[in-house]
Amino acid sequence: MKKTSKVYLVFLNGKSNAGGAERMVHYLDEYLKRREISTEIIDEDFLKNTFAGKLYWKSFNIRHFEKRRAKYIARFITAFLWLTYRPNKIVISNGEPTAYYPTDYVISNGCYHKMELDYGRKDSRLSRVAKLQMKACKNAKKIIAVESNVKKDLIHYYGINPDKISIVPNCIDQNNFYPIPKQPSNFKTIAYIGRLEHGKGITELQDLAQLVESQSDWKLLIASNNSSNTELFKNLQNTKLLVGLTIENINKLAYSCADIVFYPSYSESFGMVIIEALACGKPIAGNAVGILPKLVEEKHPACYLLPKKIDETIFNFFQDCIEDSKQYKSEEIHEMTMKKFRIESYFEQLDQQFFHQNT
140 MKKTSKVYLV
150 FLNGKSNAGG
160 AERMVHYLDE
170 YLKRREISTE
180 IIDEDFLKNT
190 FAGKLYWKSF
200 NIRHFEKRRA
210 KYIARFITAF
220 LWLTYRPNKI
230 VISNGEPTAY
240 YPTDYVISNG
250 CYHKMELDYG
260 RKDSRLSRVA
270 KLQMKACKNA
280 KKIIAVESNV
290 KKDLIHYYGI
300 NPDKISIVPN
310 CIDQNNFYPI
320 PKQPSNFKTI
330 AYIGRLEHGK
340 GITELQDLAQ
350 LVESQSDWKL
360 LIASNNSSNT
370 ELFKNLQNTK
380 LLVGLTIENI
390 NKLAYSCADI
400 VFYPSYSESF
410 GMVIIEALAC
420 GKPIAGNAVG
430 ILPKLVEEKH
440 PACYLLPKKI
450 DETIFNFFQD
460 CIEDSKQYKS
470 EEIHEMTMKK
480 FRIESYFEQL
490 DQQFFHQNT
């Protein structure tokens, strides 16, 4: 990394919500601050509250602009970055928002086109957002991918030069994610943590919620970082909804209440919930996405792959997973997870990318 007085972190969702991508921004921001580098997070709230942004965002009331929202936001960000240009300024983004700007680093949490295909897209052509991501990756000086499969996807679908892609896996902060003893109860709790949308397995979650309604010894806890689609789970007697949790309270209010974490996502490049659950000493059962199948193959404790069908037998499956995970104490699951994904290792790997390579 060239000597700089400020790093702009261009991530539209910022770092305040409880999603995995937002937590990655949180860790990146912490890393730069510990290296005594000033940061400014350029998220959507920041942009639309600038003088020009207040006017520009009104255009999204028009259907044409709203339909192409990602492209027009990327154009606005490009103008903003050029207008605030300084020779020693560093720009890091997750891709699409800086499609038209020569970004110093793109940190890729996944190939958008691959995700759309996993979600059921039939058209092999790139969508508008996928085209923006491809352009951003091609314009970036360096790309840091969170997993080897992400690097392969960027090369395969976007034709990115493999020489400019490095791999730095995501991390976990044990100051926020650690075992908290679960309060005694006469029922077991299945926790779902994530956004409530199609690609995250909301259909399977709805099926599970209906099945839980007929159970006397099982409850469902849903923790989402926003209120979208929460109305689908209201008026259910055995389901509890939590919205807007942050990295500071999600362990105490969600993970610590779980007997097992349910992870029905269709596509993940990494899957922060996976390592967070394990760091909290909780078993997790999910689809073969992100880092989970690799952990299962390595026989990492408390990792399980979901059956293909969610029906009334799922509770026997969950019970078996819970009993199997008891071979290890929660603290042991935590320690084994931290050994693989500790934040100190993440910071050391970023040092290699930012300070020990020619940029």
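Residue numbers for the sequence shown follow our numbering, beginning at 140 and rising by one.
Glycine included, every Cβ here is placed at the ideal spot set by N, Cα and C.
Given the structure is predicted, the values throughout are model-derived calculations rather than measurements.
What does a CB cutoff of less than 8 Å around C396 pick up in its chain, not counting 5 residues either side in sequence? K321, Q322, T328, A330, L360
Beta-carbon contacts of V289 that lie in its chain and below 7 Å, excluding the five residues immediately before and after: S247, G249, C250, S408
Could you please give me the residues that DSSP links to S363 through a beta bridge? V382
List the whole-angstrom C-beta distance separating F199 from R208, where the pair is believed to meet the contact cut-off of C-beta under 8 Å. 6 Å
Taking C-beta to C-beta, are Y240 and T223 nearer than 7 Å? no
For a test of the three-state rule: what should DSSP assign to T498, helix, strand or coil? Note on T498: pLDDT 42, under 50, position unreliable in the model; the coordinate value appears next. DSSP places T498 in coil when its eight states are reduced to three.
For the stretch 481-493 and the stretch 453-471, state whether three or more C-beta atom pairs, one from each stretch, are separated by less than 8 Å. no
Short of 6 Å in beta carbon distance, which residues of its chain neighbour T143, apart from the five on each side in sequence? Order them along the chain. N227, I229
Contacts around L445, its chain only, beta-carbon distance under 7 Å, and the 5 residues preceding and following it disregarded: P403, A424, G425, N426
Run through the DSSP bridge pairs and tell me what L85 is partnered with. Residue 85 cannot be examined here, being either before or after the span of the chain that is shown, 140 to 498.
Reducing DSSP to helix, strand and coil, say where G425 ends up. strand
Shortest alpha-carbon distance to K253 belongs to which of Y297, K187, P432? Y297
Expressed to the nearest angstrom, what Euclidean distance is found between the alpha-carbon atoms of V428 and G333? 14 Å
N- and C-terminal bounds of the alpha helix (DSSP H) containing Y251: 251-257
Let me confirm a value: T476 is counted as buried when at least 16 other C-beta atoms fall within 10 Å, else exposed. Which label applies? buried
Hey, out of K433, L431, I413, G192, whose CA is closest to G158's CA? I413
Closer than 8 Å by C-beta to I231: which residues in its own chain qualify, once you throw out the five before and the five after it? Chain order, please. V146, Y147, L148, V149, L167, T242, D243, Y244, V245, I246
Determine the extent of the beta strand (DSSP E) in which K327 is found, giving its start and end residues. 327-332
What is the DSSP secondary structure of I246, reduced to helix, strand or coil? strand
Would you mind working out which of L186, T378, A348, G259 sits nearest L220, comparing C-alpha positions? L186
Based on DSSP bridge pairs, tell me the residues matched to F401. A424
Here's the rule: buried if 16 or more other CB atoms are within 10 angstroms of the residue's CB, otherwise exposed. What is H203? exposed
Are the stretch 456-469 and the stretch 334-352 touching, with three or more C-beta to C-beta distances below 8 Å? no
A284 - DSSP class collapsed to helix/strand/coil: strand
Taking its Cβ as the centre, do 16 or more other Cβ atoms sit within 10 Å of S201, making it buried, or is it exposed? A small correction: the amino acid at residue 201 is Ile; Ser does not occupy that position in the sequence shown. Its Cβ having fewer than 16 others within 10 Å, I201 is exposed.
Quick one: give me the first and last residue of the alpha helix (DSSP H) that S464 is part of. 453-464
How would you write the range of the beta strand (DSSP E) that Y443 sits in, first residue to last? 442-444
Beta-carbon within less than 7 Å of I326's beta-carbon, same chain only, minus the 5 sequence neighbours each way: which residues are those? A small correction: the amino acid at residue 326 is Phe; Ile does not occupy that position in the sequence shown. Cβ neighbours of F326 beyond the five flanking positions: D356, W357, K358.
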